[in-house]
Amino acid sequence: MSIYRAISRLTRTSYNRCRWLHSSALHQQLSPYTRFTSSHQVLGCRVISPWFSRSFRSGGPQPQYEEDQEDPFSLVADELSIVASRLRSMVVAEVPKLASAAEYFFKMGVEGKRFRPTVILLMATALNNQITKPTSEGVVDLLSTEFRTRLQSIAEITEMIHVASLLHDDVLDDADTRRGIGSLNFVMGNKISVLAGDFLLSRACITLASLKNTEVVSLIATAVEHLVTGETMQMSSSAEQRSSMDYYLQKTYYKTASLISNSCKSIALLTGQTAEVAMLAYEYGKNLGLAFQLIDDVLDFTGTSSSLGKGSLSDIRHGIVTAPLLYAMEEFPELRSVVDRGLDNPANVDLALEYLGKSHGIQRTRELAAKHASLASAAIDSFPENDDEDVQRSRRALIELTHRVINRTK
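Going by the UniProt record's numbering, the residue at position 385 of the sequence shown is 385; the numbering climbs one at a time, nothing skipped.
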């Protein structure tokens with residue numbers, strides 16, 4: 001490691017550990033109404049420097065470390081191909097129609113961003129003390145290969161659960177597009193779409209059982225429960241709950257962040273990490289997932305159908321109130337009565353969008369996403385020191401992912 005890089009890491013680690021201690025002290029969800037300011041200090045360290053906040057609000061460059069940047073997706077590209085190939089073989093069903101439905105979003109070209117498998121594979125290397133490397137004869141140790149395959153299984157399990165949740169969500173939302181093509185329920189009908197989702201969950205369970213680790217089974221099962229809980233919270237909320245940022249963030253954790261966070265923690269357990277490190281991995285996944293969804297909610301208002309691969313304004317047209325509108329309500333309390341009257345009325349949707357346009361709702365949602373991205377980076381920088389170059393590169397890539405999440409446009 002160069003002296004410059006060592007100094008850079010030492011500085012970031014000290015700075016980020018202060019942020020991590022702040023996060024740990026709160027332990028649970030940080031209050032969405034607590035905005036980072038230059039005067040907010042923890043143990044003598046600023047939570048987020050003023051230039052970070054100004055830069056993000058102005059759309060300028062994010063705080064990145066040029067010498068440390070890694071392309072997360074390129075770093076695991078070969079391994080992603082292995083995982084994708086194995087997934088296609090895992091979702092084969094005996095009944096042709098079910099087989100066609102189950103593999104619908106695993107076919108080459110419509111696999112999506114593969115964001116979750118990328119996070120998990122990077123985490124596997126970032127925490128792996130048994131780095132798989134060729135011997136002098138070019139032969140990889142068999143035990144190391146088998147160990148890596150177990151870690152890859154978490155990526156496969158997570159992706160199957162994620163796709164299953166998309167299939168079920170599209171039925172509930174009556175969606176007609178997904179990933180730029182017709183949604184499965186639109187193409188093949190609701191019944192086969194629900195069954196295909198169930199089939200993927202069963203295949204995920206089989207793979208999960210093969211790991212023979214009850215703690216990991218419990219974590220992933222909890223994440224599946226959270227998916228159901230979050231969706232139920234979304235479809236059965238009261239008017240009071242729909243106007244609550246705390247309720248929104250709890251629902252967002254259940255629907256998006258829980259699967260990523262518990263999968264990251266599973267990797268930590270499988271690699272034999274301490275409870276403290278496992279919690280750091282969990283915190284990374286939780287905060288990355290929250291940041292991801294917050295930006296997703298922004299893009300629902302600012303993106304286009306072609307860039308998103310699904311209809312824009314889909315949430316508000318389905319009566320779903322997300323962070324931008326919640327922040328707009330704080331500035332314009334009369335917006336709440338518009339929402340309470342029902343967003344199934346196009347006139348109310350137009351009025352709500354008018355209030356949103358006058359508010360700082362989009363900006364404040366981006367700021368909240370940046371806060372969670374910063375906490376995710378802090379968790380990685382709090383990992384135990386490891387001089388292995390593969391470990392370091394994966395950790396830098398995990399941090400780079402936090403920047404990409406808050407800067408993405410689709």
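The beta-carbon is built from N, C-alpha and C at its ideal position, and this holds for glycine as well.
DSSP state of residue i mapped onto helix, strand, coil
i	result
Arg393	helix
Thr274	coil
Thr177	strand
Gly182	strand
Thr37	Residue confidence for Thr37 is low, a pLDDT of 30 falling below 50, so the modelled location carries little weight and cannot support an answer.
Thr214	helix
Arg114	coil
Glu70	coil
Asp169	helix
Asp300	helix
Asn190	helix
Ser332	The sequence as given places Phe at residue 332; Ser does not occur at that position. Note: Phe332 maps to coil in three-state DSSP.
Thr322	coil
Nearest-angstrom beta carbon gap, residue j and residue i [assumed within contact, 8 Å]
i	j	result
Leu270	Leu151	6 Å
Met160	Leu87	7 Å
Phe383	Ala126	7 Å
Met233	Leu326	Actually they do not touch by this definition, with Cβ atoms about 15 Å apart.
Val277	Ile316	Not really, about 40 Å apart at Cβ, beyond 8 Å.
Leu121	Glu79	5 Å
Proximity below 7 Å, CB of residue i to CB of residue j
i	j	result
Val171	Ser193	yes
Leu200	Ala164	yes
Leu219	Lys251	no
His403	Asn287	no
Val298	Val321	no
Leu343	Gly361	no
His294	Ala369	Per the sequence presented here, residue 294 reads as Leu, with His not at that position. Yes, the pair counts as a contact, with Cβ atoms nearer than the cut-off.
Ala257	Ile406	no
Arg393	Ile380	no
Pro72	Ala397	yes
Cβ-heavy atom distance, residue i to the ligand MG, below 6 Å
i	result
Asp169	Questions concerning the ligand MG fall outside what the structure shown contains, since it holds no ligand whatsoever.
Nearest residue (CA-CA) to residue i, options the options
i	options	result
Tyr254	Leu353, Ser244, Thr229 and Val277	Thr229
Ser81	Leu98, Lys113 and Ala352	Lys113
Gly180	Ala221, Leu290, Leu335 and Ser312	Ser312
Val216	Lys97, Gly197 and Asn262	Asn262
Arg203	Gln234, Thr158 and Phe292	Thr158
Pro346	Cys205, Ser314 and Glu283	Ser314
residue 411	Thr409, Asp71 and Val95	It is not possible to answer for residue 411, since the shown part of the chain is limited to 1 through 410.
Leu401	Leu356, Asp388, Asp387 and Ala376	Ala376
Gly289	Glu103, Lys107, Pro72 and Phe115	Phe115
Could you give the uninterrupted runs of the beta strand (DSSP E) lying entirely in the stretch 349-384, keeping only those of 3 residues or more? none
Enumerate, from N- to C-terminal direction, the unbroken alpha helix (DSSP H) stretches of 4 or more residues contained entirely within the stretch 220-290. 239-242, 245-252 and 258-270
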